[in-house]
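Report on the structure given below.
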Amino acid sequence: MSVTGVKAQPFRAGREQIMARTAEKRGKDETKAAEKKVKATGKPAGGARGGITAPVTPSADLAEIVGKDDLPRSEVVSKVWDYIKKHDLQDAKDRRQINGDDKLQKIFGKKSVSMFEMNKHLSAHLSAKKA
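Everything in the sequence shown is counted per this note's numbering, starting at 7 for the first residue and increasing by one.
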């Protein structure tokens with residue numbers, strides 16, 4: 007008994023290990039469920055290859071910057087940013103503005119865009135890979 011009259015709880019050593027094992031077990035259970043679904047439906051598992059990680063095909067104009075190979079959308083955006091930084095195309099006073107050179111103006115459809123609307127213009131030059 008402690009001074010307050012309440013019995014002290016024993017220290018739980020390794021609580022993090024218990025939580026880690028639980029997360030690991032949960033991951034294994036989810037994997038088993040996904041494998042079972044694949045066997046039942048005969049379709050490939052979905053998951054991490056959708057959305058921003060799904061491969062997309064760049065248009066001819068965009069391929070001049072990022073290459074013609076199919077890439078995840080995130081990689082396309084990353085390569086466009088690399089191009090922008092390499093050629094110093096961010097506005098000197100407002101770094102959020104991108105001043106397009108000849109290649110980027112084909113993609114943006116105008117001389118200057120904000121970094122927030124850049125993705126909208128990139129989407130028009132990307133097509134989803136056919137399954």
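Where is the CB? At the ideal position from N, CA and C, for every residue including glycine. The model shown is predicted, which means the values in this text are computed figures rather than measured ones.
| query | result |
| --- | --- |
| In this structure, does DSSP put A66 in helix, strand or coil? | helix |
| Assuming D76 and V62 make a contact with CB atoms under 8 Å, what is their CB distance in whole Å? | 7 Å |
| Between the C-alpha atoms of H131 and K31, what's the straight-line distance to the nearest angstrom? | 42 Å |
| What residue does the beta strand (DSSP E) around Q103 start on, and which one ends it? | Q103 to N105 |
| Which same chain residues, not among the five before or five after T59, have their C-beta less than 6 Å away from its C-beta? | P78 |
| Output the distance between the C-alpha atoms of K116 and N125, rounded to the nearest integer angstrom. | 14 Å |
| Measuring straight from C-alpha to C-alpha, what distance separates F114 and A134? | 19 Å |
| Specify the secondary structure class of A134 as computed by DSSP and reduced to three states. | strand |
| Out of E123, A69 and Q111, which has the shortest C-alpha to C-alpha gap to K85? | A69 |
| Taking the continuous alpha helix (DSSP H) assigned at L128, which residues delimit it? | M124 to S129 |
| CB-CB under 8 Å to T37, same chain, minus the five flanking residues each way: which ones, in chain order? | none |
| With L110 as the anchor, note down where its alpha helix (DSSP H) starts and where it stops. | D108 to F114 |
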